[in-house]
Each structure stands twice: as structure tokens, then as C-alpha cells.
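Report on the structure given below.
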Amino acid sequence: MRWLLLLALLAGGLYPAAGAWAGRPQAPVAQGSGVTAFDLIIAMNTLRVSYGLPALIEDPIINAIAQGTAEIMAANQMSSHIGDVRGRLAAAGYGGGATVWATENFAVGDYSIDEIMQIWSDEAHMLPAVIPAYCNVGAGVATSANGRTYYVLQAAYTSDKACGEYTSVGGTAGSTNPPGGSTGVSQIIVPVKIATPDADGKIFHVVEAGQSFWSIAIAYKITIRDIETWNNISRDSKLLIGQRLFIPGSNTEGYATPTPVGMILTSTPDPDGKVVHTVQAYQTLTTIAQAYGVTINTILALNGLQVDWPLLIEQKLIIDPGSATPSPTPRPLTPIEKLTPESDGKYYHTVSSGETLSWIAGYYGVSLSDLMSWNGLTGSSILLPEQKLLLQVTPPATETATPGPPTRTATATRPPATLTPSPSPRPPSSSPTAAAEAPAAAPGSTIVWLVIIGLVIGGSLLVVGFGRKKM
């Protein structure tokens with residue numbers, strides 16, 4: 002019976018846990034704004050065609066490297082480029098051994114295609130759209146554990162073949178199909194011709210073959226959201242050839258015209274002289290700095306930013322702190338400073354999928370040869386996910402407050418000797434300190450002790466006497 006009761010208790014304790022586990026929903030996969038890698042390629046090609054250049058040709062190797070880059074950046078929640086994009090493309094086989102030239106754009110957040118292309122509207126990110134030499138393109142999208150989406154686009158060309166002559170293994174010359182297969186979307190990109198206002202001053206655009214929401218929005222310097230709102234349609238619906246779209250403008254009642262490209266409306270200082278700028282669409286660090294007559298480094302320092310961090314629409318930037326002293330922004334930790342020693346007191350890096358020895362060495366700022374030497378590896382060694390690599394580095398000490406000088410404690414000063422002879426000291430009967438430590442016995446305590454001793458002796462005699470009588 003005892004064993005049956007024990008088994009019943011165990012079963013009752015395990016059942017709720019098993020039921021909770023079976024009924025636990027799977028962790029949902031984080032979803033971004035819905036922008037795909039193919040959307041990035043189409044948007045960049047649309048922008049490129051608007052500059053009179055041929056569209057970039059999608060390449061499978063670049064697609065794979067761009068997707069791997071997005072996944073590595075998402076896994077490590079990075080805020081800067083991995084680096085050496087041309088070297089990584091060449092190592093993967095792009096160019097077939099020829100010299101490779103490449104550029105990379107990335108953005109981090111939950112953005113629409115409008116916002117991503119606005120982030121990439123500065124000079125450094127416009128290279129794929131304005132440099133005629135770029136020929137091939139690829140893109141990737143990945144979401145990190147904290148829900149932020151990483152968008153990566155890479156463009157490249159080789160040194161020995163004209164655009165369209167070189168084709169990577171697995172690719173087709175001239176192909177611009179999206180990663181994972183064709184979407185059925187037309188790859189023909191037709192530059193948008195700006196429509197003239199009608200007699201009432203309103204602008205209606207007539208959709209032509211190959212035009213998209215994004216290309217029309219670029220041409221008229223508005224957003225896709227504007228087209229949706231003012232035409233009561235969704236970007237998910239397919240545009241039809243001949244469809245008329247109303248284009249809102251500065252004379253449209255209830256429409257706030259976005260700031261034109263390159264135009265910055267400067268903010269006025271507050272009573273303390275502080276100047277704060279609100280970022281608008283198509284604005285960049287370069288144009289904002291030029292408008293206010295300050296350096297980019299000044300804006301970065303006042304706002305605790307880094308040069309490769311993207312600006313956000315409606316983001317507040319301190320241009321001039323005025324008379325108020327800005328509070329210092331803590332410096333972000335370097336990868337080495339983020340390391341935590343393991344039980345053996347040493348530092349290790351856990352390999353994630355897609356990481357290479359050269360990338361890990363660059364991430365921690367150590368030489369590739371040192372990294373291989375510390376772990377007994379060679380250039381042909383294969384890294385495995387979750388593999389631990391020893392890092393013989395010493396993280397710099399974290400900044401701590403320096404204690405101020407010790408406070409001086411007043412010391413007793415001996416009075417100066419006088420010429421008057423002092424009387425010979427008489428030995429005291431008791432030391433004041435000793436009196437405090439051992440108080441003198443009260444007169445009554447002696448009597449108490451005598452009574453106790455008497456009782457003890459008397460009791461002993463009675464015991465002895467009683468014992469003799471029994472004998």
C-alpha cells in the first residue's frame with residue numbers, strides 16, 4: 002500500500018508538468034516589416050535606372066554571401082559592417098579568380114522599403130545606384146533575437162569581364178530572379194516620366210509596363226504610403242497598365258509636402274541657445290551638418306552616435322547644446338570588453354553558423370595568425386557551430402571612479418613645555434580605564450557569597466551524616 006501511494010504521488014506531480022510542456026506553444030518566428038531581399042534589389046535597380054544606368058544583374062553567390070552576412074549580423078546584434086566584402090565574395094568564388102570590387106549597404110530596424118532607401122540615400126550608400134561599373138547584386142534579410150531586422154545589399158563587379166559576360170556557378174546571365182525562385186514580377190524597369198498638372202493643378206500619373214510603387218514614389222519624391230492613402234489602394238495589390246494614380250503635391254489640401262532632397266529646414270535655438278534638429282525623409286548626416294555649418298563628428302559626439310548608425314525619420318539630433326552642459330553618453334563596449342572569463346579563467350569565442358576565422362579575428366581586432374596559433378588551426382581548418390575558440394586577450398579594465406585624496410584627520414597636539422615645574426605625580430589608587438572595565442564589588446555581594454558557601458558545606462555534611470546512619 003505504501004508503494005502504491007508513493008507511485009500515485011509521483012504520477013500526480015509529473016502529470017501537470019507534462020501537460021504544460023505538451024500544451025506550450027512554439028516560440029513565434031519574429032517577423033519584420035515584410036521587406037524581402039528581392040524588394041531591396043528591385044528598389045536599388047529602380048533607383049539605378051532613374052539615373053540612366055542599366056539594372057544590376059542578380060548573382061547567386063552574392064545572394065548567398067549577403068544572406069549569410071545578414072544572419073551573422075543578426076546573431077551578434079551588430080551595429081557595424083563585418084568588413085572586407087570583396088574578399089568574402091572572392092573567397093566564395095565570385096569572379097572566378099579575377100579581382101573583385103564590391104560595396105555593401107545595411108540597415109537595422111523594422112523598416113518599410115521607403116525608410117530603408119531613405120537611410121541609403123547618402124553618398125556612401127548610393128554607390129550601387131550611381132557607379133556605372135557595378136554589375137551584379139545580391140541581398141539578404143534576417144531577424145535577430147531581439148526582433149530587429151537586418152537588411153543587407155551587396156553590389157560587385159570583376160576586373161576582367163564586361164557586365165553581363167561573367168556568370169557565377171548556378172546563375173544565369175541577365176537573370177534577376179529573387180532568392181528562392183521567381184516571383185512572377187516583371188524584371189523590366191521603366192523610368193518614370195513625370196506627368197504635367199491638369200487644368201486644376203492636379204497631377205495624375207498613368208502607370209506604364211514595368212513601373213512599380215517604389216519607382217513612382219521616387220520619381221515624384223513622395224512615399225509609397227502617400228500613393229496608398231490618396232488613391233485608396235494597397236501596395237500589396239498589383240498595379241495595372243493604364244491605371245491613373247493621383248499624386249499629392251504642395252497645393253493639395255491636407256497634404257504636408259516632404260522636405261525635398263538636399264533641403265534642410267534649420268531649427269531655431271531655444272532661450273538657452275540649444276538647437277535640436279528633427280530628421281526628415283531623405284536627410285543624411287552630411288546634408289544636416291552642411292546646413293548647420295558643423296562637422297559630422299560634432300553631431301556624432303553630441304548625440305552618442307557612430308558614423309555607420311542609420312538615422313531615423315523624426316529622430317531628434319542635438320546640433321548645439323547651448324548653455325546647458327550635455328550629460329556624457331557612455332561609450333559602447335568593444336567586443337573584447339564584452340568577454341566574460343569561463344571557469345578556467347580564460348576567454349573564448351563560441352562560433353556561430355557562417356562565421357569564418359578571418360571574420361572572428363577582425364571582430365576582436367587580433368591577427369588571423371595569432372587566432373590560428375592559439376587554437377592549433379590552419380587555413381584549411383573547418384569551423385563548426387558552437388565550437389569554442391581560445392582568445393588569449395586581456396580585456397581592458399572597465400572605467401571606475403578614481404577615489405579622491407584621503408581626508409586629513411586632526412591629531413592631538415602636545416602643549417609646549419612651560420618653565421613652571423610640575424608637581425611630582427602621585428600614583429593613582431585606580432586607573433579610570435580599569436574602573437570602567439571592572440567595576441568594584443558592592444558590599445552586599447560578599448555576604449551573598451558567604452551564605453552560598455555555608456549552604457554548600459551544610460548540605461555536604463547532611464549527606465555524609467545520612468549515609469552513616471544507613472550503614
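Residue 303 in the working numbering is what sits at position 302 of the sequence shown, and the numbering runs on without skipping anything.
All C-beta atoms in this analysis are idealised placements derived from N, C-alpha and C, irrespective of residue type, glycine included.
### Contacting residues, own chain, Cβ-Cβ under 8 Å from Ser81 (five flanking each side not counted)
Numbered from 1 along the sequence shown, position 80 holds the residue referred to as residue 81. If we look at Ser81 and ignore the five residues flanking it on each side, its Cβ neighbours are Gln307 and Asp309.
### Message
Just to confirm the assignment, what range does the alpha helix (DSSP H) spanning Trp215 have?
### Response
Locating residue 215 in the sequence shown gives position 214, where the first residue counts as 1. Unbroken alpha helix (DSSP H) run through Trp215: Phe214 to Tyr221.
### Query
Just checking, does the segment 377-386 make contact with the segment 105-116 on the three C-beta pairs under 8 Å criterion?
Contact between the segment 377-386 and the segment 105-116 is absent: fewer than 3 CB-CB pairs across the two stretches fall below 8 Å.
### Message
According to DSSP, simplified to helix, strand and coil, what is Ile320?
### Response
On the sequence shown, position 319 is the one that residue 320 refers to. Strand at Ile320.
### Query
Are Ile228 and Ile217 closer than 8 Å when you measure CB to CB?
Sequence index remark: in the sequence shown, residue 228 carries index 227 (1-based). Sequence index remark: in the sequence shown, residue 217 carries index 216 (1-based). Yes, Cβ-Cβ distance for Ile228 and Ile217 is below 8 Å.
### Query
How many angstroms separate the CA atom of Gly141 from the CA atom of Ala65?
Mapped onto the sequence shown, residue 141 falls at position 140. Mapped onto the sequence shown, residue 65 falls at position 64. The C-alpha of Ala65 is placed about 8 Å away from the C-alpha of Gly141.
### Task
Kindly list the residues whose CB is nearer than 8 Å to the CB of Pro272, restricted to its own chain and excluding five residues on each side of it in sequence; keep chain order.
Reading the sequence shown from its first residue, position 271 is the one you call residue 272. Non-local C-beta neighbours of Pro272 in its own chain, meaning closer than 8 Å and more than five positions away in sequence, are absent.
#### Entry: Status (buried if at least 16 other CB within 10 Å, exposed otherwise) for Phe214
As a working mapping, residue 214 is identified with position 213 in the sequence shown. Note on Phe214: 16 or more other CB atoms within 10 angstroms of its CB, so buried under the neighbour-count rule.
### Message
On the criterion of 16 or more Cβ atoms from any shown chain inside 10 Å, does Asp40 qualify as buried, or is it exposed?
### Response
If you number the sequence shown from 1, residue 40 lands on position 39. By the 10 Å Cβ count, Asp40 comes out buried.
### Whole-angstrom C-beta distance between Asn232 and Leu246, which should lie under 8 Å
The residue you call residue 246 lines up with position 245 of the sequence shown. The residue you call residue 232 lines up with position 231 of the sequence shown. Confirmed, Cβ separation roughly 5 Å.
#### Entry: Alpha-carbon spacing of Gln291 relative to Leu390, whole angstroms
Position 290 of the sequence shown, counted from the start, is the residue given in the question as residue 291. Position 389 of the sequence shown, counted from the start, is the residue given in the question as residue 390. Taking the Cα positions, Gln291 is about 46 Å away from Leu390.
### Query
Should Pro249 be labelled buried (16 or more other beta-carbon atoms within 10 Å of its own) or exposed?
Taking the first residue of the sequence shown as 1, we reach residue 249 at position 248. When all chains shown are included, Pro249 counts as buried.
### Query
Rounded C-beta distance between Gly274 and Ser324? I'm assuming under 8 Å.
Counting from one through the sequence shown, the residue named residue 274 turns up at place 273. Counting from one through the sequence shown, the residue named residue 324 turns up at place 323. Distance from Gly274 to Ser324 at the Cβ level is roughly 6 Å; contact confirmed, criterion being Cβ atoms closer than 8 Å.
### Query
Of all the options Gly148, Val138, Ile223 and Ala163, which has the alpha carbon lying nearest to the alpha carbon of Ala157?
Translated into positions along the sequence shown, residue 157 becomes position 156. Selection Gly148, Val138, Ile223 and Ala163 evaluated against Ala157 yields Val138 as nearest (Cα-Cα).
### DSSP bridge partner residues for Arg89 (one or two, in chain order)
Numbered from its first residue, the sequence shown carries residue 89 at position 88. When beta bridges are read from the DSSP output, Arg89 appears opposite no residue.
### Task
Tell me, please, which residues DSSP counts as bridged to Pro307.
Counting from 1 along the sequence shown, the entry for residue 307 is found at position 306. Before going further, note that residue 307 is Gln rather than Pro in the sequence given. DSSP, once it has assigned bridges, lists no residue as partnering Gln307.
### Query
Does DSSP put Arg226 in a helix, a strand or coil?
The residue you call residue 226 lines up with position 225 of the sequence shown. Correct three-state label for Arg226: helix.
#### Entry: Which of helix, strand or coil DSSP assigns to Ala143
Counting from 1 along the sequence shown, the entry for residue 143 is found at position 142. If DSSP states are grouped into helix, strand and coil, Ala143 belongs with the strands.
### Query
Smallest Cα separation from Gly165: which of Lys239, Val193 and Tyr135?
By 1-based counting over the sequence shown, the position of residue 165 is 164. With distances taken between Cα atoms, Gly165 lies closest to Tyr135.
### Candidates Leu340, Met373, Pro333 and Ala143: closest to Ala76 by CA position
On the sequence shown, residue 76 is found 75 positions in, with the first residue counted as 1. Of Leu340, Met373, Pro333 and Ala143, the residue nearest in Cα terms is Ala143.
### Task
Could you tell me whether the Cβ atoms of Val277 and Ser268 are closer together than 8 Å?
Sequence index remark: in the sequence shown, residue 277 carries index 276 (1-based). Sequence index remark: in the sequence shown, residue 268 carries index 267 (1-based). Taking 8 Å as the Cβ cut-off, Val277 and Ser268 qualify as a contacting pair.
### Task
Leaving aside the five residues before and after Arg89 along the sequence, list all residues of the same chain whose C-beta is less than 6 Å from its C-beta, in chain order.
One-based indexing of the sequence shown puts residue 89 at position 88. In its chain, beyond the 5 residues on either side, Ile66 have a beta carbon closer than 6 Å to the beta carbon of Arg89.
### Task
Output yes or no for whether 8 Å exceeds the beta carbon distance between Gln155 and Val208.
In the sequence shown, residue 155 corresponds to position 154, counting from 1. In the sequence shown, residue 208 corresponds to position 207, counting from 1. The answer is no: Cβ separation not under 8 Å.
### Message
In this structure, how does DSSP classify Glu105 when only helix, strand and coil are distinguished?
### Response
Start at 1 with the first residue of the sequence shown, and residue 105 comes out as number 104. Look at Glu105 here: in three-state DSSP terms it is strand.
### Message
Nearest by alpha-carbon distance to Thr288: which of Gly255, Ile265 and Val153 is it?
### Response
One-based indexing of the sequence shown puts residue 288 at position 287. If we check each option's Cα against that of Thr288, Ile265 comes out closest.
### Query
Could you give the distance in angstroms between the alpha-carbon of Asp237 and the alpha-carbon of Ala210?
Reading the sequence shown from its first residue, position 236 is the one you call residue 237. Reading the sequence shown from its first residue, position 209 is the one you call residue 210. Straight-line Cα distance between these residues: approximately 17 Å.
### Message
Do Val36 and Ser113 have their beta-carbon atoms positioned less than 8 Å apart in this structure?
### Response
As a working mapping, residue 113 is identified with position 112 in the sequence shown. As a working mapping, residue 36 is identified with position 35 in the sequence shown. Contact flag set, yes.
### Val207, DSSP secondary structure in three states
To locate residue 207, count along the sequence shown from 1; it is residue 206. In the structure shown, Val207 sits in a strand (DSSP, three-state: E or B).
### Query
What is the rounded straight-line gap between the Cα of Ala130 and the Cα of Ala196?
Indexing the sequence shown from 1 puts residue 130 at position 129. Indexing the sequence shown from 1 puts residue 196 at position 195. The straight-line gap separating the alpha-carbon atoms of Ala130 and Ala196 is approximately 24 Å.
### Query
Cβ atoms of Leu392 and Tyr349: under 8 Å apart, would you say?
On the sequence shown, residue 349 is found 348 positions in, with the first residue counted as 1. On the sequence shown, residue 392 is found 391 positions in, with the first residue counted as 1. Their beta carbons are under 8 Å apart, which means Tyr349 touches Leu392 by this criterion.
#### Entry: Proximity below 8 Å, CB of Thr285 to CB of Leu312
On the sequence shown, residue 285 is found 284 positions in, with the first residue counted as 1. On the sequence shown, residue 312 is found 311 positions in, with the first residue counted as 1. Going by C-beta atoms, Thr285 is nearer than 8 Å to Leu312.
### beta strand (DSSP E) segment containing Ala553, residue limits
For the chain, the structure presents residues 2 to 472; residue 553 sits outside this window and is missing.
### Message
Ignoring anything shorter than 4 residues, give me the alpha helix (DSSP H) runs that lie fully in the segment 35-83, in order along the chain.
### Response
You should have 38-51 and 61-77.
### Message
Quick check on the DSSP output: the beta strand (DSSP E) that includes Tyr349 runs from which residue to which?
### Response
On the sequence shown, position 348 is the one that residue 349 refers to. Bounds of the beta strand (DSSP E) holding Tyr349 are Tyr348 to Thr351.
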